[in-house]
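Asks: Have a look at the structure that comes next, please.
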Amino acid sequence: MAPSEWMRGIERTFGLVLGRPLVSEEESGGSTTEATTTKTTTEPVTLAEKVLMTRLAEGTQGEESSLSYLLGCYERCLDEFRRIDGRRSSGSFAGVGGASSPSPAKRDKSPADTADAEEETNALEENLVQLNTLIVSYVGLLLTIPGMFPQTDEQENRGVLQLYDALMSNQIPQRFFVDFAGRFSGEETLAQIIVPVIKELGKSVVNVSPLGDFQKPLNLCTLLLSCKEVALACVRSEDWLPLDRLTTGRSIEYESLLGPFFKVSTLPDIFGNGKPSIRQLLRVPEERDVRAQQEVAVAVRTLRQSMKIVQQSLQELVLSLLRMGGEVREGILSWIARAIEDNAKGRAKMRIDLLKCATHGFFFNLSSVMLNLCGPFMDPLKGYGKAYDKVNVDFVFQGSRLQEAFKEDTRCAASLEEYNKWLGGREKVEGDGGGYPYHFICDCFFMTAKVMHLGFMKSVRDFLDNMKELSRHQHMLRRLQSTQAAWQSGPYRRQTEQQVQQLEAWISEHKEMHLCYECAIQEEGILHQALLYYKLVGSWLFRFVPEDGGGGNADPAASAMEVDAKPPEVFHMLPEFFVDDVAELLLFTARVAERQPRVLQDEDLEAFMTFLVVFTGKPDFVHNPYLRAKMVDVLHHWVPPPNVTHPLVSKMANLFEFHEIGKKSLVANLLKLYVDIEFTGSNTQFYDKFNIRHHIGEMLEYLWSIPVHRANWKALANEQADGFYLKFVNMLVNDAIYLLDEGMKKLPEVRETLEAMDNIDMWNSQPPQEQSEREQQLRQSEDILRQDLLLANVHIDLMEYTTREITKAFLLPEMVERIATMLNYFLRFLVGPERKQLKVRNPEKYGWDPRKMLSQIMKIYMHLAVADEKVEGENFGSSVARDGRSYSHELFLEAQTIAEKYGLLSVNENEYFASFIEKLQSQVAADAKEEEMLGEIPDEFLDPIQYTLMTDPVILPSSKMVMDRSTIQRHLLSDQTDPFNRSKLTPDMLLPEVELKKKIEQWLSDQRTK
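1286 is the number that the numbering used here gives to position 318 of the sequence shown; each next residue is one higher, with no gaps.
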């Protein structure tokens, strides 16, 4: 190799002109501007190192630091490699110092000359490789050994962070870190330099919002960690997971190496979202300000796009680390596990301690990363089989990296005490495929479940809570504004004005928070990924159903519907959130779909429908009735609205009409939950049950309109008329009585206050405080009235349309008297003297339609009377006529008159009702005659509670009391205890009192033959 060629390469690489003797090492601290050599035998790289040291000894020249100079040398060295590549691709081997193409005089070289030239080029290339390594080595020396070369004070203080500065100013070629990591692989120098740089990159984004410059630091971090040697050095560094500094769940965001990059988000945080402020961009405009609303919509799209960039970069970063395998893969999995473990308890609480727990943004971004990792096995057609084979439920209970994170979770069907006892006695079965280390798919599946629970789903729940609070505060503000005239002249004007201002400020702030949430959790891409994941979770849960649920059915979902299907004990012990999060996501997406139909329009909901139908009716699988009620809430949202044309509406209609398991079991499971929700164990169970049953009632009304569901409903009602369906009817009647009674008591209160307010002179004569109190009481009464009537209407509707075709349970001895007295009681309110008190201004405001209700009550009378006649019975008519508290012939005549006047019934219905009135009168006359004939009834023949003649006496085994069967069975429908000593009592425990029954029958016979 000609020395001149190598010298020119050095000149270009080091940016020097070699013109005079090279100074000795002893003189290298002096000032030189040029360098040369008189000894051509000097080793090429040794010569280069002397030149480089001479240049570095001169220190900073102008604005160029020593590091900048070295990085420039590195870039120019790469140019020399490119020159060689260019020569080879063009077939010229003139050397790195030659012309760009062979001259005409040299085109006829011999093969020997060409071989010599190629050998010379190869030697030059080898020298360049060593030169490249030399430059990289001196970068390491410069950054890690202070004072080795002259630098300014500022440069020395920055130390290794000069590399960060160079990164941020785009001075470093992309390949540099590959060579740098290769040179220092396995040495402490690599971590000493790279870890502080990555930490500084993290600091640069820790207080940056999605509107700020987060992308560059995040991309640079990804670039650095894409090199395996760098990643390995970082994972081995104590800064990867600094255990001594991870004192709270929030610490991982600031103290760990990757934490800050996961924090960039639109989701609200106690310390804000960083700079620039996104709140300024999301100022909620006035409703009429169309332009401002459009600007906010654009801002939301912009922020969502920024969040997508953040999440895609994080996904790329984590996936790259995982693909490296070995220690790096274990490092990133351990980092994720630590983030989960440190926040498992805090972020699972209803109210998060924001100072101690990682932010919503951190866990939301981590949720996105985990969903991406699950992508390959979330496809139901391609990936489920792979997932099923690898997902081992033991992960939740023993030997996993997340074992502690699941310990305090609520269980599907077990108390914490039962779970701990079960876990303590659980011994791992050898060879079951479980045990640490678990398969990567297993890690991903369960870590994603926990991250989603603490992250995405927690954000969803807080978003919904914020919506409720917003609604409540807006309601309070509207109330104050509507009564402004009253309080402005009162003694509390100043306090009330201050309250209004505080409410307006609170509402404005939380509307902005609402939009911050919307930017993240309503983005269609992540919702789609979440739906895919939870579809997999639901399908996995079904695999716990025994292959034969008791009915010989091998299909898991169908097996779950079998009456005797029982979950294995391990299902009892699963964390409840596996089921709850599926239902919560479906409920959330159903709400979002009301404004963004595309969220559900293209999703396959068949598996979700199976999940909802099965678990709604399975308390053995899911003990929590509120969770099963949440599933009904999902189905309630899915019910297609009437008279609306849209692909999503058609999709939902088809789902309810054609889903196989839904057709067979949905009605039965809704009715079952209606009964089960009576006792929830909550201190608000009395009020909760009405709201839940309201949704069930509306669902049932829709299903009644679908022939297949109606047919199944009728079959169930007939088969279970004296069993389960009777319980349902009893609770339906109880609810209707309570709700209507409460509503009719509130109507006069509301009427009285409204009339008082209409009398302006008298109203103004009252003290302002009394006016305010009465207005507040009126608003509360109106709210209660509206709620009671809304719920009551659903129950009366249900009785009206079902009794057209289902009557058997209503006419049983233990129920017929109850339904008769209910109808009579409300008929008296609707057409009796009390009805004047039920008139209010704007009744539709409260959902009060007395004419409609009267027509429904009259139709229920007729439906049951017709059914009773068909079986040649007299139970219903006699029960109506024997109601001594409410029955009145005049009331029935008045009802008929009103119905005819307002056209509430058809001609045929009016005629039948008239004949029914006549039959009732005949029954009254017959009963009077019977009573006169019987005379005084012996006490032993009287029911001890109703004081009526017993027809089927039975003995209560515990108290030994004797009661009429219909009376005690009616009691047992609501309370399965002996009414005399509260001991347990069920219908099958009743003992017929045969002898007493014979005595009663004989006595009746004797009385009638007198």
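Ideal Cβ placement from N, Cα and C applies to all residues, glycine included.
Helix, strand or coil: how does DSSP classify I1825 here?
Replies: Within the sequence shown, numbered from 1, the residue matching residue 1825 stands at position 857. Three-state DSSP puts I1825 in a helix.
Asks: With 16 other CB atoms within 10 Å as the buried threshold, where does R1786 fall?
Replies: For the purposes of this step, residue 1786 is identified with residue 818 of the sequence shown, where counting begins at 1. It counts as buried.
Asks: What residue range is occupied by the uninterrupted beta strand (DSSP E) comprising P1921?
Replies: In the sequence shown, the residue the question calls residue 1921 occupies position 953. Unbroken beta strand (DSSP E) run through P1921: P1921 to I1923.
Asks: Which first and last residues belong to the beta strand (DSSP E) in which D1932 is found?
Replies: Stepping through the sequence shown from its first residue, residue 1932 is reached at position 964. Bounds of the beta strand (DSSP E) holding D1932 are V1930 to D1932.
Asks: What are the start and end residues of each continuous alpha helix (DSSP H) run of 4 or more residues lying completely inside the region 1365-1396, in chain order?
Replies: 1384-1392
Asks: Would you say the region 1732-1740 touches the region 1438-1445, given that touching needs at least three Cβ pairs under 8 angstroms?
Replies: no
Asks: Determine the DSSP secondary structure at A1522, reduced to helix, strand or coil.
Replies: The residue labelled residue 1522 in the question sits at position 554 within the sequence shown. Confidence in A1522 is poor, its pLDDT being 46 and thus under 50, which makes the residue's placement unreliable; the coordinate value appears in the next sentence. Here A1522 sits in coil by DSSP.
Asks: Rounding to the nearest angstrom, what Cα-Cα distance links P1565 and Q1490 in this structure?
Replies: One-based indexing of the sequence shown puts residue 1565 at position 597. One-based indexing of the sequence shown puts residue 1490 at position 522. Between the alpha carbons of P1565 and Q1490 lies a distance of about 12 angstroms.
Asks: Is DSSP giving P1543 helix, strand or coil here?
Replies: As a working note, residue 1543 is residue 575 in the sequence shown. P1543: strand per DSSP, three-state reduction.
Asks: If we ignore side chains and look at the alpha-carbon of each, how far apart do R1976 and L1910 end up?
Replies: Numbered from 1 along the sequence shown, position 1008 holds the residue referred to as residue 1976. Numbered from 1 along the sequence shown, position 942 holds the residue referred to as residue 1910. Distance between the alpha carbons of R1976 and L1910: 18 angstroms.
Asks: With a CB to CB cut of under 7 angstroms and the five nearest residues on each side skipped, what residues in its chain are close to T1010?
Replies: On the sequence shown, position 42 is the one that residue 1010 refers to. Residue placement at T1010 is poorly supported in this model, since its pLDDT is 47, which falls under 50; the coordinates still yield a value, given next. Hits under 7 angstroms: none found.
Asks: Does the distance from the C-beta atom of I1825 to that of F1797 stay below 7 angstroms?
Replies: Taking the first residue of the sequence shown as 1, we reach residue 1825 at position 857. Taking the first residue of the sequence shown as 1, we reach residue 1797 at position 829. Contact: no.
Asks: Indicate the three-state DSSP secondary structure (helix, strand or coil) for V1019 in the structure shown.
Replies: Here residue 1019 corresponds to residue number 51 of the sequence shown, with the count starting at 1. Note: V1019 maps to helix in three-state DSSP.
Asks: For a test of your reading of the model: does the CB of A1201 fall under 6 angstroms from any non-hydrogen atom of the ligand ATP? Yes or no.
Replies: For the structure depicted, the ligand ATP is absent and the ligand set is empty, with no information on it obtainable.
Asks: Please report the straight-line C-alpha distance between M1712 and L1806, rounded to a whole angstrom.
Replies: Translated into positions along the sequence shown, residue 1712 becomes position 744. Translated into positions along the sequence shown, residue 1806 becomes position 838. Near 7 angstroms, if we compare the C-alpha coordinates of L1806 and M1712.
Asks: Taking only the alpha-carbon atoms, compute the straight-line gap between I1300 and L1370 and give it to the nearest angstrom.
Replies: As a working note, residue 1300 is residue 332 in the sequence shown. As a working note, residue 1370 is residue 402 in the sequence shown. The alpha-carbon atoms of I1300 and L1370 are separated by roughly 14 angstroms.
Asks: Closer than 7 angstroms by C-beta to L1200: which residues in its own chain qualify, once you throw out the five before and the five after it? Chain order, please.
Replies: Locating residue 1200 in the sequence shown gives position 232, counting from the first residue. The beta carbon of L1200 sits closer than 7 angstroms to the beta carbons of E1295 and V1296 from its chain, once the five residues preceding and following it are set aside; these are given in chain order.
Asks: In terms of residue numbering, what span does the alpha helix (DSSP H) encompassing F1148 cover?
Replies: To locate residue 1148, count along the sequence shown from 1; it is residue 180. For F1148, the enclosing alpha helix (DSSP H) begins and ends at F1144 to F1152.
Asks: Curious, which full-length alpha helix (DSSP H) runs of at least 4 residues does the region 1101-1139 contain?
Replies: 1121-1126 and 1129-1136
Asks: Tell me the DSSP secondary structure of L1183 in three-state form.
Replies: On the sequence shown, residue 1183 is found 215 positions in, with the first residue counted as 1. Looking at the sequence shown, residue 1183 is not Leu but Gln. If DSSP states are grouped into helix, strand and coil, Q1183 belongs with the helices.
Asks: For G1027 versus P1118, is the C-beta spacing smaller than 7 angstroms?
Replies: For the purposes of this step, residue 1027 is identified with residue 59 of the sequence shown, where counting begins at 1. For the purposes of this step, residue 1118 is identified with residue 150 of the sequence shown, where counting begins at 1. For G1027 and P1118, yes; Cβs fall inside 7 angstroms.
Asks: Return the residue from the list Y1642, L1109, P1114 and H1627 that minimises the CA-CA distance to V1584.
Replies: Walking along the sequence shown from the start, residue 1584 turns up at place 616. The question names Val, but residue 1584 is Thr in the sequence shown. Per the Cα distances, Y1642.
Asks: Buried or exposed: P1593, going by 16 or more other Cβ atoms within 10 Å of its Cβ?
Replies: Walking along the sequence shown from the start, residue 1593 turns up at place 625. P1593 is buried by the Cβ-count criterion.
Asks: Express the C-alpha separation of R1809 and N1311 in angstroms, rounding to a whole number.
Replies: The count along the sequence shown starts at 1 and reaches residue 1311 at position 343. The count along the sequence shown starts at 1 and reaches residue 1809 at position 841. Distance between the alpha carbons of N1311 and R1809: 55 angstroms.
Asks: In terms of DSSP beta bridges, what is E1032 paired with?
Replies: Here residue 1032 is taken as the residue at index 64 of the sequence shown, counted from 1. DSSP output for E1032 lists Q1029 as bridge partner(s).
Asks: Where do the ends of the alpha helix (DSSP H) carrying H1604 lie?
Replies: In the sequence shown, counting from the first residue as 1, residue 1604 sits at position 636. P1593 to W1606 is the extent of the alpha helix (DSSP H) around H1604.
Asks: Here's a check: name, in chain order, each residue in its chain whose Cβ is nearer than 7 angstroms to the Cβ of N1792, leaving out the five neighbours to either side.
Replies: Translated into positions along the sequence shown, residue 1792 becomes position 824. These residues qualify, in order along the chain: V1848, D1851, S1854 and Y1855.
Asks: Would you tell me roughly how many angstroms separate the C-alpha atoms of E1477 and G1329, rounded to the nearest one?
Replies: Your numbering for residue 1477 matches position 509 in the sequence shown. Your numbering for residue 1329 matches position 361 in the sequence shown. Approximately 18 angstroms, taken between the alpha carbons.
Asks: Taking DSSP as the reference, what is the three-state secondary structure of T1451?
Replies: The residue you call residue 1451 lines up with position 483 of the sequence shown. In this structure, T1451 counts as coil in the three-state DSSP scheme.
Asks: Which term fits R1563, buried or exposed, when burial requires 16 or more other beta carbons within 10 angstroms of its beta carbon?
Replies: As a working mapping, residue 1563 is identified with position 595 in the sequence shown. Label assigned to R1563: exposed.
Asks: Confirm, please, whether the CB-CB distance from H1831 to T1771 is below 7 angstroms.
Replies: The residue given as residue 1771 occupies position 803 in the sequence shown. The residue given as residue 1831 occupies position 863 in the sequence shown. Yes, the pair counts as a contact, with Cβ atoms nearer than the cut-off.
Asks: In whole angstroms, what separates the C-alpha of L1384 from that of Y1132?
Replies: Locating residue 1384 in the sequence shown gives position 416, where the first residue counts as 1. Locating residue 1132 in the sequence shown gives position 164, where the first residue counts as 1. Roughly 51 angstroms separates the two Cα atoms.
Asks: Looking at the structure shown, is T1557 part of a helix, part of a strand, or coil, going by DSSP?
Replies: Here residue 1557 corresponds to residue number 589 of the sequence shown, with the count starting at 1. It is helical.
Asks: Taking 7 angstroms as the cut-off, decide whether the C-beta atoms of A1382 and M1541 are in contact.
Replies: Position 414 of the sequence shown, counted from the first residue, corresponds to residue 1382. Position 573 of the sequence shown, counted from the first residue, corresponds to residue 1541. Cβ distance < 7 angstroms, so A1382 and M1541 count as in contact.
Asks: Grab me the residues of G1493's own chain with a C-beta within less than 8 angstroms of its C-beta, minus the 5 sequence neighbours each way, in chain order.
Replies: In the sequence shown, counting from the first residue as 1, residue 1493 sits at position 525. The answer, listed in chain order, is K1276.
Asks: Label R1050 either buried or exposed according to how many other C-beta atoms from any shown protein chain fall within 10 Å of its C-beta, with 16 as the threshold for buried.
Replies: Start at 1 with the first residue of the sequence shown, and residue 1050 comes out as number 82. The residue is exposed, with fewer than 16 neighbouring Cβ atoms inside 10 Å.
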